[in-house]
Amino acid sequence: MSPPSSQYSSSSFSSNKCHDDPVSGDACQNDPVSRDAATILNSNNHKQALQFFNYSLKHYPITSPTNNLPGLYSAIVHVLTRAGMYKPARCLIKDLIQTLLLHPSCKSENHVPSLVFDALNRLQSSEKFSPDVFGVLIIAFCEMGLVDEALWVYQKIVKVMPPSEQACNALLNGLVKTGRFGSMWELYKDMISCKVLVPSVVTYGVLVGACCRQGDVSKARSLIFDEMVKEKGIGPNDFIYNTLIRSFCCESKLLEAEALFQEMRESGVLPDLYTYNILIDGYCKTANVKQALHLYQGILGGDLRPNVVTFGILINALCKAGELLAARSLFVHMAKFGVSPNLHVYNSLIYGHYNSRNLFEAILLFLEMQKFKISPDVFTYSILIKGFCSVGRTEEADVLLKRMNREGVIANSVTYNSLISGHCKEGKMEKALEVLSQMTEKGVERDIITFSTLIDGYCKAGNMQSATSLYSEMLTKSIVPDVVVFTALINGHCKIGNMKEALRLHKEMLEAGLNPNIFTVNCLINGFCKGGTTSDAINFFLENTRGGLTGNQVNKMNGSFCTPDHVTYTSLIQGLCMDGQIFEATKFFSDMRFGGIQPDAFTYTVMLEGHLTVKHMMDVMMLHADMIKMGIMPNENICLILARGYQENGYLSLEVNHHQPQATHELNYFLPRAQVSQLNFQLCQPQGTNEKELRSNWSRRNNRYLRGGLIIGDAAGASTSTNEYAMNVGDAGASTNGYTMNIGSGMPIFMQARNIQSNIMPICSFKLQLRMILWWDDFVS
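Here it is, written out as structure tokens:
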């Protein structure tokens, strides 16, 4: 069916004699498509020709596109190319190629280039022929990623009608994008030798990009300064500078990038916002946020305005550096420039607050982003789920996972692994298996982290059978176990006293080429010590750690040796103390300090208990003083040990009598409303109150007895706690005129306050060797 007579009729064009046009030939009389193609080709107005083409395309059914369709497209492409309308011509060629590729009659992709080429080439003998159509065809193929087809066209025409510079550059760039650097350099040399191409700044931009993608930045620089600038006299543009600067930043060569940035400005090429963003990102990735912010100030001082990419890079870097206040300030600053935050910005802030353990603020940001119609992605949900699990709130994490599924956000292995880890840490292995089942149903593959998390959970729960079963499943699935998996299994066997299996796994680990880390070593040392084989623990320690070695020996060691930490030494010290080897334990404690490893409260607890067991009270007092000097405050267990030690060895009554006058004076000073006339100290346990009941009462808000302790050291930091105590007792309306100090056998010192009508009760502790203070415990609300 031919189109009706209208403004597109042949009378409005210069000629309607289709037999003059090779696109249709003699078939013109019987083929309306060919007749329309001839009409389009003979048009002197490309706009009317394009309108007529669109009209014809709608009214003729495409039953066999290989028959007539290429001719119709060929006509309009020639007309547009002749009029210099290259972009619309490319779009139409790409539309033709796509139509042909999808049509069943084109069984092979190799058939399509020849169909299109033949249709365009059929007009070569016509005066309407435009040789630029082949260059347009090459560029179209390259834009569609069909580089081989573009090469085929190039080889067909290069000797007859060489393609344009734009087509040559597009072909070279297409080879670069597909990573075919060897073919690109070979084709470039061929183009130069055959004088097909005279390199321009665009050509050099493609070549520089190829060098940078190959990681050869020095070759890129030589191309610019030796060939481009010196030989050709062509100055680099902003694209070339940006390409080089980006490559330097990717290689963390910020000095070279900064030098090129300055050179760019000196040569008269103004950096654009993309240039600044590249450099800012480079400095942020090397943790030089200060210099990145300096560049940001440079943007504000010029004619450029930061965009969401600029803010996103800086906010992400500040969050990773823990500078959340600065990140939040920059986030608020975005509104000044009319820049709306995107998903990346919110994710950076949420991740930053998660890392700073400020889950509440992360949740507020999560709610805020949805208020502004920004949909959270899998990264957003995964961070929040991990955050909830890290604080033991797995119920909320489960709710988030359900919401993900409801909103169509597909959870990945990170999401599921975080939730599995949360349940395992809480000992909820059944819940962890439920999440694992969901993971399998959704088609998410279990990875090494999934298996290691579950194995560790079972090991900590003492279920070694299930842990071993999972380990076997890993091997069946060809998932190679790592150090974490072996360490979890070794730790599990050590805890149940199965050192034989733990050592077998250790051997298997070494045979697999894996070097144990310090956690692996600590598990085995702790296992030896708990099993009473301290000598084996010491030998294993010496064979597998750098402990006790000189600097030269350490430098000569390979990577299979671990640096011991405070857990390593504490395990050994505890084992030796349990064996009664206090002098050997003291030696390891000294080695620990000498090695620059800070003992923690538990290490001091073990040493204090060890010395107290063998009645070394002077060592107990010296250790306690050393602990205070190191800034470690005594905990409940240490207070119990000290109270027992001072009472059992007769030191306590002497200290009480010595400090009674001073204690009375200070109580009156801090409690002017509760004047104390006398302190009545009793070295006996209160009647009807055993140690178990006293311990239970410490956690009850309304009970008169709260924990206290012995503290040896200076009085630094005492004033705040004392004043807080005095204020709380004063607010409670204390009007007592006496306190009774009860010191139970093996119990910490505590104080009974009379006539105070309040559930806020004081805690009393001695500062032996100095003075008595009142200490308010911060857990009382």
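Reminder that position 241 of the sequence shown reads as 241 in UniProt numbering, one-by-one numbering, no gaps.
Heads up, the beta-carbon is just placed ideally off N, CA and C, and yes, glycines get one too.
(message) Taking 7 Å as the limit between beta carbons, can you name the residues of its chain near Val176, skipping five residues before and five after?
(response) Met184, Val206, Gly209, Ala210, Arg213
(request) State the DSSP-derived secondary structure class of Asp190, mapped to helix, strand or coil. (result) helix
(message) Check this for me: beta carbons of Ala397 and Gly422, under 8 Å apart or not?
(response) yes
(message) I need the boundaries of the alpha helix (DSSP H) containing Gln581, first residue and last residue.
(response) From DSSP, Gln581 is part of no alpha helix (DSSP H); its letter is neither H nor E.
(message) Within 8 Å, do at least three Cβ pairs link the region 567-578 to the region 597-605?
(response) yes
(message) Restricting to Cα atoms, I'd like to know which of Tyr283, Lys587, Ala170, Leu255 is closest to Gly145.
(response) Ala170
(request) Could you tell me whether the Cβ atoms of Leu314 and Leu330 are closer together than 8 Å? (result) yes
(request) Please look up how many angstroms separate the CB atoms of Ala287 and Ala321, rounded, as I've assumed it's under 8 Å. (result) Between Ala321 and Ala287 the Cβ distance is about 7 Å, and since that is below 8 Å, they are a contact.
(message) With the cut-off set at 8 Å, would you say Val289 and Leu324 are in Cβ contact?
(response) no
(request) Starting from the N-terminal side, write out each stretch of the alpha helix (DSSP H) that is 4 residues or longer and does not extend beyond the UniProt repeat "PPR" (307-341). (result) 308-320, 324-333
(message) Looking only at its chain, what residues have a beta carbon closer than 6 Å to the beta carbon of Tyr354, apart from the 5 residues adjacent to it on each side?
(response) Ala362, Ile383, Gly387
(request) Please classify Thr286: does DSSP put it in a helix, a strand, or coil? (result) coil
(request) Between the Cα of Asp456 and those of Asp482, Met439, Lys477, spot the shortest distance and give me the residue it belongs to. (result) The residue among Asp482, Met439, Lys477 with its C-alpha nearest the C-alpha of Asp456 is Asp482.
(request) Tell me the start and end of each unbroken alpha helix (DSSP H) in the region 565-631 that is at least 4 residues and wholly inside, in chain order. (result) 566-578, 582-594, 601-613, 617-629
(message) Distance check for Ala512 and Thr453, CA to CA, integer angstroms please.
(response) Here the C-alpha atom of Thr453 lies approximately 20 Å from the C-alpha atom of Ala512.
(request) Give a yes or no on whether the C-beta atoms belonging to Phe141 and Val158 are separated by under 8 Å. (result) no
(message) Classify Ser535: buried if its beta carbon has 16 or more other beta carbons within 10 angstroms, exposed otherwise.
(response) exposed
(request) Specify the secondary structure class of Tyr354 as computed by DSSP and reduced to three states. (result) helix
(request) Starting from His78, follow the alpha helix (DSSP H) in both directions and report where the run begins and ends. (result) 69-82
(message) For Cys424, list the residues DSSP reports as bridge partners.
(response) None, per the DSSP bridge assignment.
(request) Consult DSSP for Thr178 and reduce its assignment to one of helix, strand or coil. (result) Thr178: coil per DSSP, three-state reduction.
(message) Please report the distance separating the alpha-carbon of Ala220 from that of Leu137.
(response) 30 Å
(request) Classify Thr545 as helix, strand or coil using the three-state DSSP reduction. (result) Strand at Thr545.
(message) Please give the ranges of any beta strand (DSSP E) in the region 448-504, keeping only runs that are unbroken, at least 3 residues long and fully inside the region.
(response) Unbroken beta strand (DSSP E) stretches of 3 residues or longer found wholly inside the region 448-504: none.
(request) Tell me where the alpha helix (DSSP H) around Phe141 begins and ends. (result) 132-143
(message) Less than 7 Å between C-beta atoms, sequence neighbours within five positions excluded: which residues of the same chain meet that for Phe311?
(response) Leu330, Met334, Val339, Val345
(request) Could you round the C-beta distance between Gly523 and Asn491 to whole angstroms and report it? I think they count as a contact, below 8 Å. (result) The question names Gly, but residue 523 is Cys in the sequence shown. Confirmed, about 4 Å.
(request) Using the DSSP secondary-structure output, state which residues sit across from Cys389 in a beta bridge. (result) Beta-bridge pairing links Cys389 to no other residue.
(message) Between the alpha carbons of Asn517 and Leu436, how many angstroms are there, rounded?
(response) Taking the straight line from one Cα to the other gives about 28 Å.
(message) Considering only the alpha carbon of each residue, which of Thr563, Val614, Leu608, Gly532 lies closest to Gly595?
(response) Thr563
(message) If the criterion is Cβ atoms closer than 8 Å, does the pair Leu367 and Ile385 meet it?
(response) No.
(request) Would you mind working out which of Val160, Phe134, His103 sits nearest Asp118, comparing C-alpha positions? (result) Phe134
(message) Tell me the rounded alpha-carbon separation between Leu489 and Leu514.
(response) 15 Å
(message) If I follow the unbroken alpha helix (DSSP H) through Glu266, where does it start and stop?
(response) Taken as a continuous stretch (DSSP letters only), the alpha helix (DSSP H) holding Glu266 covers 254-266.
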